[in-house]
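In this text, residue positions in the sequence shown follow UniProt numbering: the first is 1, and each later residue adds one.
Every residue gets a Cβ at the ideal spot worked out from N, C-alpha and C, and that includes glycine.
Quantities reported herein were computed from a predicted structural model and do not represent experimental measurements.
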Amino acid sequence: MHVTQLRIYPVKSFAGLDVVSAEVLPWGLAGDRRWGVVDVNGVPVTARERNSMLGLTAEPLVDGGLLLSDGGGGPLRIDVPTDASPIDVGHSRQGTALAAGDEADEWLSARLGAPVRLVWQPDPRARSVNPNHGGLPGEVLTLADAGPLLLTSEASLARLDAWTDDATPPLDMRRFRPNVVIDGDEPFAEERWSHIDLGGLRFRVASHCDRCVMTTIDPDTLARGKEPIRTLAKHRRRDGKTWFGVRLVPTTQGTIGVGDVALAS
C-alpha cells in the first residue's frame, strides 16, 4: 500500500487543500483545523448547515495566519489572534477559542448570509479525543469532530462506486474529507487494522467513521443529493449509522508524504 493523497483543512468545514507532505503532530497534521466558524452565541457552524462554506478556501501562511478566498476575488489576510480575549465556543471539550476579529467576521458573514465569527484554537493539547470515539488518556486533537486524522481508501471508494446505480457518476473522495488516502489493499480492509505505519510513522486506528449529510454535498456545485448516504445505507449500515473511513491518532511525530509506503497491522 502507499499514500496517494494528503489533505488539510485550515478552517473547519472549508474546502480542503492538497499537500505533497505534511508534518505530523500529536493532534494531527500541521495546519489542519485550528480555525473554525461559530455563530454569535459561540455555537459551531459547519457545512452541514451552510453548504457555501465548502466553496471557501483558506491558505495557511508561514507566520500561522490565513489567506481567505471565495474564488471570486476579494481575498482577506487574517493574522493569528494571539492577543485576543477568549470567547466561549460550543466545540465539545474545547470551552473557549480566540476571536479573529471584526474584519474576518464581516467577510465571512457576508458570504454565509448570517452573522458568524472566525475563531482560532490556541492550544490543541487542551482538547482531548472523546473516549466514545476511541480516545485514550492523553490523546488530543484540533477542532476536528472526533479524531486527529481521517484515512480513506481508494479501493473502498471503488467498491462504493460499484454499488451505486449506473446513472450515478463516480463519487469524488473530497466528499469524505480525508486527511490521508491510501491504495493497495482490499475494500474496507482499513476497518480491520489496529495500526498503520505511513512513511515510517505509526498511527493507531481509534475508531471507524460514521458519515453525515455533509458527504451528500457535491464539492464543486455545492448541490445536495442522495449519494453516498443512500448506497452506504444499503451496504454499510450498522448501529443505525453509515460508515466509511477510519480515524487515526498519531503515536509518533515527523513528516509524511504522498507516495509513502503504508504498512498496516
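Quick check on residue i: does DSSP put it in helix, strand or coil?
| i | result |
| --- | --- |
| residue 188 | coil |
| residue 11 | strand |
| residue 36 | strand |
| residue 22 | strand |
| residue 194 | coil |
| residue 216 | helix |
| residue 154 | helix |
| residue 60 | strand |
| residue 133 | helix |
| residue 210 | strand |
| residue 241 | strand |
| residue 28 | strand |
| residue 236 | coil |
| residue 223 | coil |
| residue 204 | strand |
| residue 247 | strand |
| residue 167 | coil |
| residue 262 | strand |
| residue 177 | coil |
| residue 93 | coil |
| residue 159 | helix |
| residue 111 | helix |
Quick one, which of the options has its alpha-carbon nearest residue i's?
| i | options | result |
| --- | --- | --- |
| residue 263 | 229, 235, 214, 203 | 203 |
| residue 182 | 196, 75, 249, 237 | 196 |
| residue 134 | 124, 75, 146, 142 | 146 |
| residue 172 | 10, 105, 53, 221 | 221 |
| residue 151 | 72, 29, 252 | 29 |
| residue 205 | 238, 52, 136 | 136 |
| residue 121 | 257, 212, 231, 33 | 33 |
| residue 1 | 127, 19, 153 | 153 |
| residue 14 | 63, 214, 100, 84 | 214 |
| residue 106 | 128, 68, 60 | 68 |
| residue 42 | 62, 94, 22, 127 | 94 |
| residue 127 | 156, 91, 102 | 91 |
| residue 257 | 83, 188, 198, 26 | 198 |
| residue 157 | 184, 58, 74 | 184 |
| residue 225 | 48, 27, 18 | 48 |
| residue 59 | 50, 83, 31 | 31 |
| residue 83 | 101, 53, 12 | 101 |
| residue 78 | 44, 129, 125, 11 | 11 |
Could you round the C-beta distance between residue i and residue j to whole angstroms and report it? I think they count as a contact, below 8 Å.
| i | j | result |
| --- | --- | --- |
| residue 248 | residue 149 | 4 Å |
| residue 163 | residue 235 | 5 Å |
| residue 177 | residue 16 | 6 Å |
| residue 180 | residue 56 | With 8 Å as the limit, residue 180 and residue 56 do not qualify as a contact, their Cβ atoms being about 23 Å apart. |
| residue 111 | residue 38 | So it is not a contact: roughly 15 Å between Cβ atoms. |
| residue 259 | residue 24 | About 16 Å separates the two Cβ atoms, so there is no contact after all. |
| residue 119 | residue 80 | In fact, because the Cβ distance is near 12 Å, the residues do not count as touching under 8 Å. |
| residue 228 | residue 175 | 7 Å |
| residue 76 | residue 104 | 7 Å |
| residue 242 | residue 210 | 7 Å |
| residue 155 | residue 186 | 6 Å |
| residue 143 | residue 231 | 29 Å between Cβ atoms; not a contact. |
With DSSP as the reference, identify every bridge partner of residue i, one or two as the case may be.
| i | result |
| --- | --- |
| residue 98 | 86, 120 |
| residue 255 | 23 |
| residue 69 | 57 |
| residue 279 | Any answer about residue 279 is impossible in this case: the structure gives the chain only from 1 up to 265. |
| residue 128 | 140 |
| residue 229 | The partner list for residue 229 (beta bridge, DSSP) is empty, contrary to what the question assumes. |
| residue 44 | 38 |
| residue 77 | 67 |
Is it right to say residue i is buried, meaning 16 or more other beta carbons lie within 10 angstroms of its own, or is it exposed?
| i | result |
| --- | --- |
| residue 36 | buried |
| residue 245 | buried |
| residue 169 | exposed |
| residue 86 | exposed |
| residue 72 | exposed |
| residue 22 | buried |
| residue 3 | buried |
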